[in-house]
Structure formats: C-alpha cells, structure tokens
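Going line by line, the protein sequences match chains A and B. Sequential numbering from 26 applies to the first sequence in the working numbering. Sequential numbering from 5 applies to the second sequence in the working numbering. For every residue, glycine included, the Cβ atom is placed at its ideal position computed from N, Cα and C. Please read all numbers here as calculations on a predicted model, not as lab measurements. Comments concern the structure below.
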Amino acid sequence: MNEGIDETKRNFLKLMVTASVVAGAGLSLGVVVKSLSPPQAGINSFPTLKLVDSSGNPVLTSSLPTNDPSAMQFSYPLQSTPNFLLSIGDSNGTPVNIGATQVSIPATGATYQSYSGVGKNGSVVAYSAICQHLGCIFPELRFYPAGVESITLGGKTYTGVLHCLCHGSTYDPEKGCSVLTGPTTHPLPMIKLVWDSSTDELYVSNMVGPTIYGRASDLTGETPISGTTTEVTNLGNPFTA
Amino acid sequence: MSSIKERVKKARDFGTGAWNWFMNRSHLDRLPLRKTPDYMRQWGGKWYWTGALITIAFTYEVLTGVILLLYYNPASPYPSTQYILNSVPFGKLLLATHLYGAYAMIVLVYIHMFRNYFVGAYKKPRELQWIIGVLLLALTIGAGYFGYSLSGDVLSYDAQDVGRGIASLIPVLGQWLVSVGFGNGTTTSLFTKFLGYHIIMVGLIALLFGYHFYLAEANTMLPSSKISKYRAPASTPETENMKPWYPSNLLYLVELGLLTIGFIVFIPSFVGLFPNTPILISPFPGPLPTSAAAALIPPYPPWFLLFVYKAVDFGMFTNYMGPLNASIVFGLLPLIYFLVIPFLDRGNSLHPLDRPITTSLGIISIVYLIILSVWGAFTPGLIIPSTQVALVLLPPAIITFAAIFGISKMWKKGKLKIGNKSTTSSFFIFISGLVVAVILTGYSFSYFVGHASILSLGKLVLSGGAMGFLAIGTAKTSDQLPDQKFKKIPTGAYVAIALLTFMCWVLLGLSLKLDPISQAMTVGMALGTVLIFSGIALAIYRRIIYGE
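Encoded structure:
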C-alpha cells in the first residue's frame, strides 16, 4: 500500500474504476437477461383456414349434429389452441338462429359485438375451448346441450350452456358466450366462421372478444399452423365416457 | 439539521450492523484462502495464476452453457443450434463465445500443465495435486469433444463416427462401449447421450477442480526459484507482512477475470465478422452433413484433437487395428506418462537442467503436439508413409535430447551460466528457440508432403506464435518491475483511467441501441472491449495504490 496518496484523489480513482467495472457487469447482465427470454413464436395476422376432417375432406354444416355434447374441436389461430365447433339447438333439438349481440366483459366493463351463427339455420358457432377463469380445457370445459344435459348451480338449473367443472364458470353460447356464472370475469373469445352457401363448407378467419387465456396476444406464444386448413377432431362425449 | 445527521448516523450504524451480521453468519471472512507474496501479483507474476485463468474460463463456460442448455434440443440438434444462432437474443454471441471459451480453457490447461511440468511443481508434496490435474486435462478434452459434437454439423458427425470407430476396435468391450457411449443408433439417442456426457464431464471437472484447488491451498504455491533454490519440497508459508487476501488478491483476481473474459468475448466476435473463416477456427457451426456445402469441408475433428487425427493417417497405423493403436500411442501413452511423472522423476531438484530426461520429453511433447496438429490441419486424410513419419518425428527428438543433455552437462560442470537474473527464464527462452528450430526442421520436410506453401506458412505462424508467447511470457517472469512507490498519483493515471471509464460507458450506451439478434456479434466486440478496458483500468489502479 502506498501511504502518501491523498484519500480524496484515491477515492476519485476508485470511483472511476468501479464505474468501468459496473459498465462491463451491466452490459454482461443485460446480455444474459435478454438471452433468457426468446422472442415469442407467432404470426402477424389472422389466417383464413378451411375446416376439414381427419381425411382432409371439408366439414359441411349439414353434417354437424345439433345439440351434440361430443366435443368437436379445431385449432385456431395457432397450433394447439383448441376451439369448440357447435351447432346450437333449443330443448326440442331444433336449430336456433343465433344473431350478433352485444357482449360485455365483466372485468373491464368493455363491450363488443359477437358474430352471428352460420349455416343453413344460422346455428353454427365457434368459441375458444380454454376457460377464461384459469385455463381448464375439455373435458372439464364442456357443452351442456339444451334439453340433453343440465347443471344445477346455487339452486338454479342451466341447460344449453358451456360450463367448466374446474371452478364452475358458465357461459351462454347463444349470446356470444357471455358470462352466466363466475368465477370467470371474461366471456369466451369467439371465432369468426365464414360459410360458403354454395358448397356448405366452413372457413375460420378472425376472432373477437377477450384474448385467448394465458396468451400475451392471440397471435403469439405458439407454433403457427402450416397450410390452409385446420382439422376438426371429435374428442367424444364426456357425459358417457 | 441535527435530526438529519442523526438519521444518517443511524442508517450507517444499521448498515454496519447488517454487514457484520452477514459476515459473521456466512463466515465469508474466514474462507481458507491463502495470502500470497507481492511478487506473485506483480507484473510478470501471471505464471503463478495460470490455474486461476483456467478457473475463470471454466466459470464462463458453465454460465454460458447453462443458458444454452435452456434452448438446445438433442432430438433436433442442428435445427435447435440454428435456432440459438438466428432467433435467441444474443444466442449467436453465447454459442460462439462458449466455443472459444472452451478453446481458451484447453489452451490454458496445456499452458498450466507444461509450466508446472518444467518448474517441477509435481514433486513432493504436490504429487496428488499434479495427478488430479492431469485427469482434469483428460476430462477437459473429453468435455470439449462431447460439447463440440452437439451442434449436429458435418464436423460433429465426423467426430462421432471416428470416436465410434475407435471405440468399437477396443477388444471385448468395444461393442458394449459403443452402445454405452453412442446410444442405439438413432439421432435422439446419440445426442441425448452426448449432451448428458458433456454435462457429466463438466460436473466431474467441477468436483475434481474443487479438490485440486483445495490441495493447491493446502500445499501452498510453489515459490519462485530465488526462494526455493531449486529444491523440493518448497512452499510459500503465510507471513505477517503479506497483504491480506481481501482486497489485494480479490482485486487481482477481478482484474484477471475481466481480461480473460474480455478476450474470450472479443476474439470470436471479431473473427465472426469475417465471412467464410476456415472451419477449424470458425466461431459458428458448419453445414449439415447432408448438405452440398458439406462436401467442401475436410473431414476434420476439432483442432484440439488434430494430433491424434493425423497419427491415424500414419503408414504403420493403416491396418485394421491402426486407429486404436494410433490413439493409444499418441493419446493414451502420453497421458499415462504425465500421470506417473511424479514417480519417475523423484529427485529433489527443481532445475530443468538438473532433470534432462524429463525436460527433453516435455519439449518433445510440445513439439509433437504442434507438428501433428499443423500436419493434420493441412493434410487432412492424407496417408503418410512410415518412413516419412520417421523423417519428420525422429530428428526433433534426437536434436532435443542431444541439445538438452549437452547443455545440462555443461551447466553441471559450471561451464554454463545462463543469464544473471534467473536461469529459469533464460531456459524458457532457450526452449522457445528450440521449438522454432524443431518446427523449421519439420518445415524442411514439408515438400515431401505437398501443399508446401500453405504448410510452411502455417508452421511459420505457429512457430512465431509459440516463440512470441514463450519469449515474452518467460522474459517477464524474471524482469519484474521494481516495487515502485508513488507518493503522488501521476497525471497520466488520471487521464488513462478516466478515458477508459468514459469509453466503457460510451460503448455501453452504443450497445444498448443494437439489435440483440442481428447485431449480437457487434455487441460482443463492445462487451469484450469494455471488459478489457475495465481490466486495464483496474490494473493501473492496483499499480498506483498497491504498487503491484
């Protein structure tokens, strides 16, 4: 140790050296922190995809059974983001013409316009199949067709609803899957179906409503779907399994 | 006013109390870290810290490796490597510097080993410390082999095929070893095993290093020849007048860390700027083995295995068992020799000229390592007839033995006085001269080999590098700067430190604006520069304040 050196001058040098080391350490830390978080996979806009079955043939609305509790699901807008494809009927099994309606998000008070049903009877709709409360999926989140299956909550019986068995959230598929019972505070996002009346084929082209559960945005956080089709899979009837 | 002063005093007391509590409970102030004499931290004392440099490089490898592990997928090795290069923020920088950090570690392990070999550090009481060190060399090269093979590029598949081929030749155990080492034949099995072995070997390195370091602290550093008088056992007992470990040694280690990591980050970032760098030094993986570009790549192993690779091409090893025999003669036998040297060279003299056989074998090892590697780099896959092998390899051995024994004899008779300051340093300079001479001998044979111009150029570059390294390094070992005391801080120091700090912050500011994916290597150059600059600033500070 050199004793003769003025303490203040020494501290000045100490500060300078510390500052340069801090610059190096800070930059290193920045590199590490950035490298830990990869850019999210995804796409820039909603694709238009044709709904097909497992053999690649188009799904026709006339072949969709009304009020079927079996889960018909397809991925959109990215891979393994499941959605229900439903044909809604009344308690007699007659298809219901579903019109566009104002849906509110209880959590924020915001509202949006849902899509109307498509097909010959206007009864075919599609919703995200991930519960907005805590992300449960089929078979916990399932369709209770009117007059076929029902669920009693707090003394009140619901039928013709989507209900999640995890924590009891209930949605109304005739009204854009608006919230019927909590604990969820968000409706299920709705997928825009486009119906080709000449061929009876179905396309999906957009979404409306809250962001898909657990995603920063509908278009990121997942692997994109390749090609121009998405496959509809029948996951079976949860009530008879 | 007084209340503010009281509050400041209270806060200060609280801080001191918390610090004292932490030091008391963590026992960090009682770590068994040795104090060291000043001459080891002074300019030219870096030879005493080659182990520390390896530890720093190893730490860098673990940190970057852990981040890469979060992205690597052994089921699709090449695509996940490409993903790291092209999509992960700073992924390119991490992968390239992980590779070059490994290169640095391997080179430093060799330097550490040969330095301690020539000064006789393996002698009593450090025999076990030395043996563990040699095992660490083998593990480091092993971890390098497995890590290098993870990228799934053409070199990685070549390295695996050759490794598998050599392993399968081992009698009785061969096929079993192949399935243990290389899996069931599927890509996923192969790369899952390689990833596992890479990490297992690093874990073993960490464990053995821990013990190696403990032994180094327990045995203390081998002191300078002025103190040991070239007699084993020699140690560096702690004395009252040594500076405390904190801050003297800590600051020195921080300086070494900044400089080492600075160069590990800077060099590949700089090399990465140039397109089409030769595959042996490219900081990035090569093409897929199934791609058209792969046909242009020579069937190389990583450069640190080139010496065995060339030996496999020797005429006497071209029979069925040849590759295994070549690996035994040029890989396993030298390793065994270094493992048992403490029991072969048992005298108590530490002077290189007092141990002519040991010294000669050490020089020949270095010379062969360099000749075989360069030969492998410039004549990949070319069979060398046995007579030509003898012509290239025997003369250096004969020259070395004759020269060392002659000099040793003269020295023992007292006819030879090498230098005034330190015989060791002059001796090292002598070694470097001999290495160059020997390499030039090899060079004169190069026209037998063909590719004469490239080969000669490569040999000149390497011999020049070896000479420069040995000469500068060894010269500085002896010519320690005097322990200069400053009564006043020189103006130059102010200017230099302030300027370095200023540039560090300018580079930091500029780097923040760069894109972490497309400009990762530019950030790497900036980061490397900042680390090196701050290391230099710290060096100047230590020189002024501590006179080191």
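Helix, strand or coil for B/Pro-360 per DSSP?
Along the second sequence, read from residue 1 onward, the residue named residue 360 of chain B stands at position 356. Reduced to three states, the DSSP call for B/Pro-360 is helix.
Counting only the same chain and skipping the five closest in sequence on each side, list residues whose C-beta sits under 7 angstroms from that of B/Met-529.
For this step, residue 529 of chain B is matched to residue 525 along the second sequence. Excluding residues within five positions, the ones whose Cβ falls inside 7 angstroms are Phe-270, Ser-273, Phe-274.
Is A/Tyr-196 helix, strand or coil by DSSP?
Mapped onto the first sequence, residue 196 of chain A falls at position 171. Of the three classes helix, strand and coil, the one that applies to A/Tyr-196 here is strand, per DSSP.
Below 8 angstroms, how does it come out for the segment 113 to 128 of chain A and the segment 8 to 15 of chain B: are there three or more Cβ pairs, yes or no?
No, because fewer than three Cβ pairs between the segment 113 to 128 of chain A and the segment 8 to 15 of chain B fall closer than 8 angstroms, the two stretches do not touch.
Might you give, ordered along the chain, the residues of its own chain that have their beta carbon closer than 7 angstroms to the beta carbon of A/Phe-264, omitting 5 neighbours on each side?
Taking the first residue of the first sequence as position 1, residue 264 of chain A is located at position 239. Within the same chain, A/Phe-264 has close Cβ partners Pro-94, Glu-174.
Cβ of A/Lys-34 within 8 angstroms of Cβ of B/Ile-493?
The residue labelled residue 34 of chain A in the question sits at position 9 within the first sequence. The residue labelled residue 493 of chain B in the question sits at position 489 within the second sequence. Yes. Within cutoff.
Would you say A/Val-77 lies against chain B (beta-carbon separation less than 8 angstroms)?
Along the first sequence, one-based indexing puts residue 77 of chain A at 52. A/Val-77 does not count as touching chain B.
What residue does the alpha helix (DSSP H) around A/His-158 start on, and which one ends it?
Residue mapping note: residue 158 of chain A aligns to position 133 of the first sequence, counting from 1. Element bounds for A/His-158: n/a, residue is neither H nor E.
Can you check DSSP and say which residues form a bridge with A/Lys-75?
Taking the first residue of the first sequence as 1, we reach residue 75 of chain A at position 50. Bridge partners of A/Lys-75: A/Tyr-228, A/Thr-254.
Which one or two residues does DSSP pair with A/Thr-184 in a beta bridge?
Here the question's residue 184 of chain A lines up with position 159 in the first sequence. The partner list for A/Thr-184 (beta bridge, DSSP) reads A/Ser-175.
So, is the C-beta of B/Val-176 closer than 8 angstroms to a C-beta in chain A?
Counting from one through the second sequence, the residue named residue 176 of chain B turns up at place 172. Chain A, which has no Cβ nearer than 8 angstroms to the Cβ of B/Val-176, makes this no.
In its own chain, which residues sit with a C-beta less than 8 angstroms from the C-beta of B/Tyr-451, not counting the 5 before and 5 after it?
One-based indexing of the second sequence puts residue 451 of chain B at position 447. The predicted model places B/Tyr-451 with a pLDDT of 44, which falls under 50 and marks its position as unreliable; any figure quoted below should be read in that light. Taken in chain order, the list of residues that qualify is empty.
Between B/Leu-514, B/Ile-521, B/Phe-405, which has its C-alpha nearest A/Lys-59's C-alpha?
Reading the first sequence from its first residue, position 34 is the one you call residue 59 of chain A. Taking only the C-alpha atoms, the option nearest A/Lys-59 is B/Ile-521.
Are any of the Cβ atoms in chain B nearer than 8 angstroms to that of A/Ala-44?
Counting from 1 along the first sequence, the entry for residue 44 of chain A is found at position 19. Closer than 8 angstroms: yes.
Buried or exposed for B/Ser-377, going by 16 or more other Cβ atoms inside 10 Å?
Translated into the one-based positions of the second sequence, residue 377 of chain B becomes position 373. By the 10 Å Cβ count, B/Ser-377 comes out buried.
To the nearest angstrom, how far is it from the Cα of B/Phe-213 to the Cα of B/Val-138?
By one-based count along the second sequence, residue 213 of chain B stands at place 209. By one-based count along the second sequence, residue 138 of chain B stands at place 134. Their Cα atoms are separated by approximately 11 angstroms.
Does A/Pro-249 get closer than 8 angstroms to chain B when you measure Cβ to Cβ?
Taking the first sequence and counting its residues from 1, the one referred to as residue 249 of chain A is at position 224. A/Pro-249 does not count as touching chain B.
What in chain B is Cβ-close to A/Leu-38, meaning under 8 angstroms?
Reading the first sequence from its first residue, position 13 is the one you call residue 38 of chain A. Chain B residues near A/Leu-38: Ile-493, Ala-497, Tyr-498, Ile-501, Tyr-545, Ile-548, Ile-549.
Taking 8 angstroms as the CB-CB cut-off, is A/Leu-89 touching chain C?
No chain C is present in this structure, whose protein chains are A and B.
In terms of residue numbering, what span does the beta strand (DSSP E) encompassing A/Phe-168 cover?
Your numbering for residue 168 of chain A matches position 143 in the first sequence. Taken as a continuous stretch (DSSP letters only), the beta strand (DSSP E) holding A/Phe-168 covers 166 to 169.
Kindly indicate which three-state DSSP category B/Asn-424 falls into: helix, strand or coil?
Numbered from its first residue, the second sequence carries residue 424 of chain B at position 420. At B/Asn-424, the pLDDT of 45 sits below 50, so the modelled position is not reliable; the number obtained from the coordinates is stated separately. Of the three classes helix, strand and coil, the one that applies to B/Asn-424 here is coil, per DSSP.
Can you tell which of B/Thr-505, B/Leu-97, B/Leu-395 has its C-alpha closest to the C-alpha of B/Phe-288?
On the second sequence, position 284 is the one that residue 288 of chain B refers to. Looking at the Cα atoms, B/Leu-97 is the closest of the given residues.
Quick check on this structure: which residue in A/Asn-108, A/Gly-67, A/Val-149 has the alpha carbon closest to the alpha carbon of A/Met-232?
Residue mapping note: residue 232 of chain A aligns to position 207 of the first sequence, counting from 1. When each option's Cα is compared against that of A/Met-232, the closest is A/Asn-108.
Enumerated in chain order, which unbroken segments of the alpha helix (DSSP H) with a length of 4 residues or greater are wholly contained in the segment 198 to 259 of chain B?
Here the runs fully enclosed are 229 to 232.
Report yes if the C-beta distance between B/Glu-259 and B/Leu-542 is below 8 angstroms; otherwise report no.
Your numbering for residue 259 of chain B matches position 255 in the second sequence. Your numbering for residue 542 of chain B matches position 538 in the second sequence. Cβ atoms of B/Glu-259 and B/Leu-542: closer than 8 angstroms.
Let me know if B/Thr-59 comes out buried or exposed under the rule of 16 or more other beta-carbons within 10 Å of its beta-carbon.
Taking the second sequence and counting its residues from 1, the one referred to as residue 59 of chain B is at position 55. Looking at its Cβ environment, which holds 16 or more other Cβ atoms inside 10 Å, B/Thr-59 is buried.
So does B/Asn-90 have its beta carbon nearer than 7 angstroms to some heavy atom of the ligand FMN?
Looking at this structure, you won't find the ligand FMN or any other ligand, since it has none at all.
Just the C-alpha distance for B/Gly-319 and B/Met-117, rounded to the nearest angstrom, thanks.
One-based indexing of the second sequence puts residue 319 of chain B at position 315. One-based indexing of the second sequence puts residue 117 of chain B at position 113. Roughly 31 angstroms separates the two Cα atoms.
Using three-state DSSP, classify B/Phe-318 as helix, strand or coil.
Here residue 318 of chain B refers to the residue found at position 314 when the second sequence is read from its first residue. B/Phe-318 falls in the strand class under three-state DSSP.
Thinking C-alpha only, which one of B/Gly-187, B/His-202, B/Gly-169 is nearest B/Ser-155?
Here residue 155 of chain B refers to the residue found at position 151 of the second sequence. Comparing Cα positions, the closest option is B/His-202.
Taking A/Lys-34 as part of the alpha helix (DSSP H), name the residues at either end of that continuous run.
Here residue 34 of chain A refers to the residue found at position 9 when the first sequence is read from its first residue. Unbroken alpha helix (DSSP H) run through A/Lys-34: 32 to 61.
Is it the case that the segment 341 to 352 of chain B contacts the segment 298 to 314 of chain B, given that we only count it when at least three CB pairs across the two stretches are under 8 angstroms?
Verdict: no, contact absent.
Step through the CB atoms of chain A and report whether any lies within less than 8 angstroms of the CB of B/Pro-520.
Taking the first residue of the second sequence as position 1, residue 520 of chain B is located at position 516. With 8 angstroms as the cut-off, B/Pro-520 counts as an interface residue toward chain A.
Ignore the nearest five residues each way along the sequence and tell me which others in B/Lys-50's own chain have a CB closer than 7 angstroms to its CB.
Within the second sequence, residue 50 of chain B is the residue found at index 46, counting from 1. Cβ within range, chain order: n/a, list empty.
When the Cβ atoms of the segment 126 to 137 of chain A are set against those of the segment 199 to 218 of chain A, are three or more pairs found closer than 8 angstroms?
The segment 126 to 137 of chain A is in contact with the segment 199 to 218 of chain A.
Using a Cβ-Cβ cutoff of less than 8 angstroms, which residues in the same chain neighbour A/Ser-79 once the five nearest sequence positions on both sides are dropped?
Counting from one through the first sequence, the residue named residue 79 of chain A turns up at place 54. Closer than 8 angstroms at the Cβ level, and outside the excluded window around A/Ser-79, lie Glu-256, Thr-258.
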